[in-house]
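Using the numbering used here, read the sequence shown as starting at 53 and increasing by one per residue.
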Amino acid sequence: MSASADALQQDARFMALALALGRRGLGRTWPNPAVGAVIVNHGVIVGRGWTQVGGRPHAEIEALRRAGEAARGATLYVTLEPCSHYGKSPPCADAIVAAGLCRVVSALEDPNPEVAGAGHARLRAAGIAVEVGVGAEEARRDHAGHLRRMRDGRPHVILKLAVSADGKAGAPGRKPLSITGAAARDRVHLLRAQSDAIMVGIGTAIADDPMLTCRLPGMEKYSPVRIVLDSALRLPPASRLARSAREVPVSVIAGAEAPRAAEDALLKEGVTVLRAAQRDGRLDLGAVLELIAARGVTRLMVEGGPTLAAALLAADLIDEAMLFRSPKVVGSDGVDALDGLPLTALTQSPRLKCVISEPVGADTRFVYERR
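So this is what it looks like as structure tokens:
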């Protein structure tokens with residue numbers, strides 16, 4: 053293998069480690085992206101870091117702290133462009149220059165208008181060699197929430213669906229039904245832990261009285277913020293969501309005309325009530341997502357049932373769909389997975405491409421991504 057090919061392989065290997073480290077923060081660093089960083093000196097890893105809970109310290113600062121003097125003359129591998137502006141902490145680019153690194157390998161330029169290439173420019177101006185693009189495809193997937201929020205002003209929307217072999221999501225009469233097995237449910241709880249927030253419609257909230265927390269052993273503290281779309285404020289204050297709002301935050305998004313008395317009852321339980329624009333008597337989903345993004349949410353998981361799933365699909369607001377298909381058959385009188393739409397509207401959508409198909413216990417997991 054040539055020296056250049058060996059160097060490219062080494063860059064790819066260390067960037068893969070940085071990406072894996074960054075994923076440790078998914079769901080816990082918002083509104084900041086979950087970045088990973090690795091510092092390497094003469095082929096030896098001397099520092100590792102990932103964005104800490106709440107978004108600070110940044111990954112680069114953590115890696116520099118661990119590397120100490122060994123960072124001088126080293127290479128930094130980082131999954132997103134180092135920041136160049138003063139926020140709640142000084143710029144990472146300045147810390148990198150001060151530490152004496154000689155090279156930075158960055159997966160992506162940060163679309164944040166406060167950065168947008170300025171971090172890389174500051175490093176180059178200080179005489180540091182900068183390379184951009186190693187691991188870019190995987191980094192775009194890991195940072196999808198940050199990228200979507202910066203570019204489109206909304207979170208990255210991940211729809212989760214559990215469907216029977218005949219495309220049903222519920223029993224006759226909209227009664228709850230356990231469709232998938234334990235292994236699939238564990239995957240769903242992991243996805244919750246990796247999401248900033250989870251959203252359902254009021255129909256699901258009333259029918260299922262769910263908790264929407266992460267219930268994997270030892271990971272309960274990683275439960276996402278819970279959001280209910282409830283235009284008329286029908287969520288009962290005695291519901292499990294409302295009663296647990298002081299332990300795991302709950303936000304209810306209502307229409308402008310929803311009754312103030314209902315809002316006051318929810319506020320007493322610790323629920324946050326937000327108001328969003330409506331269209332044709334329903335909450336405007338675009339306005340809802342903008343409101344959620346304005347509160348810092350970057351990765352939004354949706355478990356909202358057939359009505360909300362169909363509405364998001366019709367509005368072209370689904371960026372990723374995780375579909376768990378069970379071998380069980382519910383029957384023709386079961387509830388369709390997408391209200392008023394065939395399941396093929398998602399599985400054969402020209403806007404979504406299937407990128408993963410794999411067995412999960414007795415079920416099969418399909419992952420679709422926006423083309």
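We treat Cβ as the ideally placed atom computed from N, Cα and C, and that holds for glycine.
Requested in this report: For A259, I'd like the list of residues in its chain whose CB is within less than 7 Å of its CB, leaving aside the five on either flank, ordered along the chain.
Outcome: Position 207 of the sequence shown, counted from the start, is the residue given in the question as residue 259. Non-local beta-carbon contacts of A259 in its own chain, meaning distances under 7 Å to residues more than five positions away in sequence, involve R226 and P228 in chain order.
Requested in this report: Using a threshold of 7 Å, state whether the C-beta atoms of R351 and G197 are closer than that.
Outcome: Here residue 351 refers to the residue found at position 299 when the sequence shown is read from its first residue. Here residue 197 refers to the residue found at position 145 when the sequence shown is read from its first residue. In contact: R351 and G197 (Cβ atoms closer than 7 Å).
Query raised in the report: Going by DSSP, what residues sit across from M353 in a beta bridge?
Result: Position 301 of the sequence shown, counted from the first residue, corresponds to residue 353. For M353, which the question treats as bridged, DSSP gives the partners I210 and I250.
Query raised in the report: From P165, R422 and P276, pick the residue whose C-alpha is nearest to that of Q400; which is it?
Result: Translated into positions along the sequence shown, residue 400 becomes position 348. Put simply, of P165, R422 and P276 the residue whose alpha carbon is nearest the alpha carbon of Q400 is R422.
**Report entry** Beta bridge counterpart(s) of K220 as assigned by DSSP
**Finding:** Taking the sequence shown and counting its residues from 1, one reaches residue 220 at position 168. When beta bridges are read from the DSSP output, K220 appears opposite D388.
Requested in this report: Count the other CB atoms, across all protein chains shown, that sit within 10 Å of the CB of H94; report buried if there are 16 or more and exposed otherwise.
Outcome: Here residue 94 is taken as the residue at index 42 of the sequence shown, counted from 1. Per the 10 Å Cβ criterion, exposed.
**Report entry** Close beta carbons around Q178, own chain, < 7 Å, minus the five adjacent residues each side
**Finding:** Taking the sequence shown and counting its residues from 1, the one referred to as residue 178 is at position 126. Checking the sequence shown, residue 178 turns out to be Ala, not Gln. Contacts found: V149.
Report task. Counting only runs of 4+ residues fully inside the region 241–328, write out the alpha helix (DSSP H) ranges in chain order. Result -> Runs of the alpha helix (DSSP H) inside the region 241–328: 254–260, 292–295 and 312–320.
**Report entry** Inter-residue Cα distance where the pair is P224 and A168
**Finding:** In the sequence shown, counting from the first residue as 1, residue 224 sits at position 172. In the sequence shown, counting from the first residue as 1, residue 168 sits at position 116. Roughly 52 Å separates the two Cα atoms.
Query raised in the report: From the DSSP output, which residues share a beta bridge with Q104?
Result: As a working mapping, residue 104 is identified with position 52 in the sequence shown. Paired residues: none, contrary to the question.
Requested in this report: Tell me whether A178 sits in a helix, a strand or coil according to DSSP, three-state version.
Outcome: Locating residue 178 in the sequence shown gives position 126, counting from the first residue. Reduced to three states, the DSSP call for A178 is coil.
Requested in this report: May I ask which residues mark the beginning and end of the alpha helix (DSSP H) holding V149?
Outcome: In the sequence shown, the residue the question calls residue 149 occupies position 97. Where V149 is concerned, the enclosing alpha helix (DSSP H) stretches over C144 to A151.
Query raised in the report: Between which two residues does the alpha helix (DSSP H) carrying L116 extend?
Result: Here residue 116 corresponds to residue number 64 of the sequence shown, with the count starting at 1. Here the alpha helix (DSSP H) through L116 covers A111 to A119.
Query raised in the report: Span of the beta strand (DSSP E) holding T34?
Result: Missing from the structure shown is residue 34; the chain here goes from 53 to 423 and no further.
Query raised in the report: DSSP state of P358, grouped into three classes?
Result: For the purposes of this step, residue 358 is identified with residue 306 of the sequence shown, where counting begins at 1. For P358, the secondary structure class from DSSP, reduced to helix, strand or coil, is helix.
Query - Paired residues, beta bridge with S409 - DSSP - result: One-based indexing of the sequence shown puts residue 409 at position 357. Beta-bridge annotation (DSSP): S409 is paired with F418.
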